[in-house]
Amino acid sequence: MKRKESIGLNPEDADAGGKLYSRDVLLLLFHYVFRYKKGFFLSFLLVLMIAGANLSVPYLLKTIVDRYVFKEGRIFYLEKYPYQEKDEEVLLNKLLQGVKLEEGAYFLFHFQLKHLSPNERKSLIEEGVLSDESYVLIESPNLGPALGDKLNTLLTEGKAREYDRALFLLKPEVMEFFTVNEVLLLRNTDLKLIFWYICLITVILLVQFGASYFQIYLLMKLSQYAMKDLRMDLYSHILSLEISYFDRNPIGRLVNRVTNDIETLNELFSSVLVTFFQDILMMIGIAVIMFLTDFYLAAVVAITFPIIILLTVLFRIKVRGAYRLIRTKIAELNSFLNETITGIRIIKIFSRQAANLKKFIEKNMAVYDAQLKKLYINAVFRPLIGFLRWFAIAAVIYFGARGIEDGFLSYGILVMFIAYIEKFFVPVNHLSQQFDTMQSATAAGEKIISVFRARAGKEIVPDKAVTARSERFKGEIEFDNVWFSYIQDEWVLKGISFVVKPKQTLGIVGETGAGKTTIINLLQKFYYPQQGQIRIDGKDIKTLSYRQIRENISSVMQDVLLFSRSVRENITLGSAYNKAKFQKVAGITHIERFLENLPAGDLEPVMERGATFSAGERQLLSFARALYFDPAILVLDEATSNIDTETEKLIQDAIIKLTRGRTSIIIAHRLSTIKSADRIIVMDKGRIVEEGTHQTLMKKRGLYYRLYSLQSEALSGGNGDRQNSL
601 MKRKESIGLN PEDADAGGKL YSRDVLLLLF HYVFRYKKGF FLSFLLVLMI
651 AGANLSVPYL LKTIVDRYVF KEGRIFYLEK YPYQEKDEEV LLNKLLQGVK
701 LEEGAYFLFH FQLKHLSPNE RKSLIEEGVL SDESYVLIES PNLGPALGDK
751 LNTLLTEGKA REYDRALFLL KPEVMEFFTV NEVLLLRNTD LKLIFWYICL
801 ITVILLVQFG ASYFQIYLLM KLSQYAMKDL RMDLYSHILS LEISYFDRNP
851 IGRLVNRVTN DIETLNELFS SVLVTFFQDI LMMIGIAVIM FLTDFYLAAV
901 VAITFPIIIL LTVLFRIKVR GAYRLIRTKI AELNSFLNET ITGIRIIKIF
951 SRQAANLKKF IEKNMAVYDA QLKKLYINAV FRPLIGFLRW FAIAAVIYFG
1001 ARGIEDGFLS YGILVMFIAY IEKFFVPVNH LSQQFDTMQS ATAAGEKIIS
1051 VFRARAGKEI VPDKAVTARS ERFKGEIEFD NVWFSYIQDE WVLKGISFVV
1101 KPKQTLGIVG ETGAGKTTII NLLQKFYYPQ QGQIRIDGKD IKTLSYRQIR
1151 ENISSVMQDV LLFSRSVREN ITLGSAYNKA KFQKVAGITH IERFLENLPA
1201 GDLEPVMERG ATFSAGERQL LSFARALYFD PAILVLDEAT SNIDTETEKL
1251 IQDAIIKLTR GRTSIIIAHR LSTIKSADRI IVMDKGRIVE EGTHQTLMKK
1301 RGLYYRLYSL QSEALSGGNG DRQNSL
């Protein structure tokens, strides 16, 4: 069976996505990530540190504004406080966090008075617990002679109060009588403390920068480790899969699994999941701080939450269809491009460039239109989120200003809320940018999982973990009433029975589709028969390990695959290099002259699939590869097809030498190749219809005779044509 080779996205894969989340994909991802728990948890701690730093800065700004910028407040007289009940203890402790002026008297800032209800505040003022006038607190001012005189005048006029430890209370209206320089001298201590707070914020930001650097570095390293392991496990699993799996899945699709899909999964972890986790921490932290600080104002902001959730759900529904359409159109474009490049010779021979260009333009425009649809959706969602952000800020400013006027709020709280709103909407914007990655990664992860779920080739007798070569087969092969089908009830082989004695050569002939190559596939345990038995040296091959089979059977196929390595490596295939053995093999298979003509000899690099070598040269190299492993059983499957006459002579001689002293099975396209075989079986529609030597089959004048006669006539006719042309 042949496989289609595909590069890039396969149309079947295009619609594999659509889901934003898959539990199985996350389990797969974290299965590999948790192999490096130490790095993961360290990265998690760094994320907590980064989130904490982000949350602390607005709170520090609130403290600066409330404590050192706006310093208005009232005097609180503790001995006059009428409430002594236990439930007032918490409130009292909050009030006593003000500045102590003297024994029993405290200065309460306006942000502290928000703990009192309007009625409580009014009652406390009437009872003399709170001063009826507001004051501005001046702490440890830098007083010169002139400023000291002015301050003494205010004290004399009753517009200011002085306390121990250089504390002054000034009525707000008198501040306008001071010049700017005098105000700076009065607020000297506040300015110093503000400076140190700014230094603290700078340190926090530097720590955040350092934590972000190490977190990103650690995360990228951890991600690469995890993807390396995943790539290795996936590749190992692919090597263990049964051949039937590769019959159903194009090569390009599997290449995508190991490369592009794993990289997409890597992007999900490194760019989305950790950022998503950090964003969730930030959003929860911001919400908690806002509600603890001022429930009323936080509730105003929370009005936007249901709208954000609704918009996000609608965006997800709309954008999912757009992304699915994009993937489908890109898959179609890639498939067409792959087809064009693969068949470029045919396109040029039949002058189809213009027609193909027209089709490419159509498919390219389809991708363009699909991308525009996605852009239209993004163009609506992001501005709406931006509008909600500014709406929340405007609402906070409006209700916050009223709260300040009524004494419920402070300027610092207003500043903090605005900063937190800005930070709260950043993750929402991230979400819209990460939808594509999340959907693509989910689709990629599910494709990878589908490969892992494919059944690996299982042995009844597992390979032993030894490095020594398996015991060499004697070479007796027996097929006993073998039935086999690739698809249920569509039998390819029907009751096949034959025996090949050790060191004999068996030829197999028949028309295309007769089942010749299937016999070879079963012999090499690529598939198992549904009925009957296959025995080697009297042992059922089901009881023989893959290792025993591979070390004793070598194949030379019609389509020779050469790897992008040196000629030597293509022959030895990673096994130990023995110069004498290599030279002997080169002589037997007639490649020594070919190697001498190469600039680097047997170290000459081979281009992709051996494109720079002729078909005959590639076939001779495959003969050398098979002989280098010195198999007990040699299989030649259409090995002389599409070979010129001169090279065929070399190959015929090589076949004679290759089959000498070992059991050989030759599937022949050119029947002259098997004339000397010890036995020939003729197949037709999955059955053996004739068997015997070349001479006995010719005497029967059956199917073999007809095939041989047709080939002989074609060859003689071809020679006659060449002579006439001369």
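Quick note on numbering: this note's numbering labels position 348 of the sequence shown as 948, and the sequence is numbered without any gaps. Even glycine gets a Cβ: it sits at the ideal position worked out from N, Cα and C.
Beta-carbon gap between Glu1291 and Phe1126 smaller than 8 Å: Taking the sequence shown and counting its residues from 1, the one referred to as residue 1291 is at position 691. Taking the sequence shown and counting its residues from 1, the one referred to as residue 1126 is at position 526. No, the pair does not count as a contact, with Cβ atoms beyond the cut-off.
Backbone CA spacing between Ala1268 and Lys1116 [nearest angstrom]: On the sequence shown, residue 1268 is found 668 positions in, with the first residue counted as 1. On the sequence shown, residue 1116 is found 516 positions in, with the first residue counted as 1. For Ala1268 and Lys1116, the distance between alpha carbons rounds to 9 Å.
Touching by the beta-carbon criterion (3+ pairs, under 8 Å), the stretch 1084–1096 and the stretch 848–864: no
Cutoff 6 Å; reference Arg1002; Cβ partners in own chain excluding five residues on either side: By one-based count along the sequence shown, residue 1002 stands at place 402. Cβ-Cβ distances below 6 Å link Arg1002 to nothing in the same chain once the five nearest sequence neighbours on each side are left out.
Anticipated Cβ contact below 8 Å, Tyr659 with Ile794, distance rounded: Position 59 of the sequence shown, counted from the start, is the residue given in the question as residue 659. Position 194 of the sequence shown, counted from the start, is the residue given in the question as residue 794. Actually they are not in contact, since the Cβ atoms of Tyr659 and Ile794 sit about 15 Å apart, beyond 8 Å.
Own chain residues within Cβ distance below 7 Å of Glu1192, not counting five before or after: Counting from one through the sequence shown, the residue named residue 1192 turns up at place 592. These residues qualify, in order along the chain: Ala1186.
Minimum Cβ-Cβ distance from Lys1101 to chain C less than 8 Å: Of the chains in the structure shown, none is chain C; there is only one protein chain.
Beta-carbon separation (whole angstroms), Val647 vs Phe877, contact threshold 8 Å: Here residue 647 corresponds to residue number 47 of the sequence shown, with the count starting at 1. Here residue 877 corresponds to residue number 277 of the sequence shown, with the count starting at 1. Right, their Cβ atoms sit about 6 Å apart.
Whole beta strand (DSSP E) elements within the stretch 651–739, 3-residue minimum: 672–677, 699–702, 705–709 and 735–739
DSSP bridge partner residues for Asp1140 (one or two, in chain order): Here residue 1140 is taken as the residue at index 540 of the sequence shown, counted from 1. Paired residues: Arg1135.
Which of helix, strand or coil DSSP assigns to Ile1191: Residue 1191 sits at position 591 when you count from the first residue of the sequence shown. It is coil, neither helix nor strand.
Touch test, the stretch 904–920 against the stretch 975–990, Cβ-Cβ under 8 Å, three pairs minimum: yes
CB contact flag (Asp666, Tyr1011, <8 Å): Translated into the one-based positions of the sequence shown, residue 666 becomes position 66. Translated into the one-based positions of the sequence shown, residue 1011 becomes position 411. Against a cut-off of 8 Å, the Cβ pair of Tyr1011 and Asp666 comes out as a contact.
Per-residue burial, Thr1273 [other beta carbons within 10 Å of its own, 16 or more giving buried]: Within the sequence shown, numbered from 1, the residue matching residue 1273 stands at position 673. The residue is buried, with at least 16 neighbouring Cβ atoms inside 10 Å.
Same chain, Cβ closer than 7 Å to Asn956, neighbours up to 5 away in sequence not counted: Indexing the sequence shown from 1 puts residue 956 at position 356. Taken in chain order, the residues that qualify are Thr940 and Ile947.
Cutoff 8 Å; reference Ala1041; Cβ partners in own chain excluding five residues on either side: Position 441 of the sequence shown, counted from the first residue, corresponds to residue 1041. Cβ within range, chain order: Val625, Thr864, Leu865, Glu867, Leu868 and Val872.
Burial state of Leu645 (16 or more Cβ within 10 Å): Position 45 of the sequence shown, counted from the first residue, corresponds to residue 645. By the neighbour-count rule (16 or more Cβ atoms within 10 Å), Leu645 is not buried but exposed.
Reference Ala653; option with closest CA among Glu932, Thr802, Lys1103 and Phe1084: As a position in the sequence shown, residue 653 is number 53, starting the count at 1. Considering only alpha carbons, the answer is Thr802.
Asn1081 - DSSP class collapsed to helix/strand/coil: Your numbering for residue 1081 matches position 481 in the sequence shown. Strand at Asn1081.
Leu769 versus Phe676, Trp796, Met827 and Phe711, residue with shortest Cα-Cα distance: The residue labelled residue 769 in the question sits at position 169 within the sequence shown. Minimum Cα distance to Leu769 is reached at Phe676.
Which of helix, strand or coil DSSP assigns to Ile1274: Residue mapping note: residue 1274 aligns to position 674 of the sequence shown, counting from 1. DSSP places Ile1274 in helix when its eight states are reduced to three.
Integer Cβ distance of His1190 from Ala1277, believed to fall under 8 Å: As a first step, residue 1190 must be located in the sequence shown, where it is residue number 590. As a first step, residue 1277 must be located in the sequence shown, where it is residue number 677. The pair is not a contact, with the Cβ atoms about 21 Å apart (cut-off 8 Å).
Contact the stretch 1149–1156 vs the stretch 1167–1180: 3+ CB pairs below 8 Å: In the pairwise beta carbon analysis, the stretch 1149–1156 is classified as not touching the stretch 1167–1180: fewer than three pairs are separated by under 8 Å.
Asn964 to Leu933 span [Cα, whole Å]: Within the sequence shown, residue 964 is the residue found at index 364, counting from 1. Within the sequence shown, residue 933 is the residue found at index 333, counting from 1. Looking at the two C-alpha atoms, the distance is approximately 7 Å.
For Val1092, three-class secondary structure by DSSP: On the sequence shown, residue 1092 is found 492 positions in, with the first residue counted as 1. In this structure, Val1092 counts as strand in the three-state DSSP scheme.
Neighbourhood of Asp1202 by C-beta, 6 Å cutoff - its chain only, sequence neighbours within 5 removed: Locating residue 1202 in the sequence shown gives position 602, where the first residue counts as 1. Excluding residues within five positions, the ones whose Cβ falls inside 6 Å are Val1167, Arg1168 and Leu1195.
Thr751 and Arg674 closer than 8 Å at C-beta: Looking up residue 751 in the sequence shown gives position 151. Looking up residue 674 in the sequence shown gives position 74. Note that residue 751 corresponds to Leu in the displayed sequence, not to Thr. One thing to note: Leu751 has its Cβ no nearer than 8 Å to the Cβ of Arg674.
Straight-line Cα distance separating Arg1135 from Asn1374: Here the chain has residues from 601 to 1326 only, and residue 1374 is not among them.
Buried versus exposed, by CB contacts within 10 Å (16 or more), Ser836: Position 236 of the sequence shown, counting from 1, holds the residue named residue 836. That one is exposed.
Cβ separation of Ala925 and Ala970, assumed to be a contact under 8 Å, to the nearest whole Å: Position 325 of the sequence shown, counted from the start, is the residue given in the question as residue 925. Position 370 of the sequence shown, counted from the start, is the residue given in the question as residue 970. It should be pointed out that residue 925 corresponds to Leu in this sequence rather than to Ala. The beta-carbon separation of Leu925 and Ala970, rounded to 5 Å, stays under the 8 Å limit for a contact.
Enclosing beta strand (DSSP E) for Asp1230 [first to last residue]: Looking up residue 1230 in the sequence shown gives position 630. Careful: Asp1230 lies outside any beta strand (DSSP E) and carries neither H nor E.
Asp847 classed as buried or exposed, judged by whether at least 16 other C-beta atoms fall within 10 angstroms: As a working mapping, residue 847 is identified with position 247 in the sequence shown. Flag for Asp847 reads exposed.
Segment limits, alpha helix (DSSP H) that includes Met1298: For the purposes of this step, residue 1298 is identified with residue 698 of the sequence shown, where counting begins at 1. Run containing Met1298: His1294 to Lys1300, per the alpha helix (DSSP H) assignment.
Spatially closest choice to Ala1232 from Ile1149, His631 and Thr756, by CA coordinates: Stepping through the sequence shown from its first residue, residue 1232 is reached at position 632. Nearest of Ile1149, His631 and Thr756 to Ala1232, Cα basis: Ile1149.
Collapsed DSSP secondary structure at Gly1003 in the structure displayed: As a working note, residue 1003 is residue 403 in the sequence shown. In the structure shown, Gly1003 sits in a helix (DSSP, three-state: H, G or I).
Environment of Asp861 [buried if 16+ CB atoms lie within 10 Å]: Stepping through the sequence shown from its first residue, residue 861 is reached at position 261. Buried, because 16 or more other Cβ atoms sit within 10 Å of the Cβ of Asp861.
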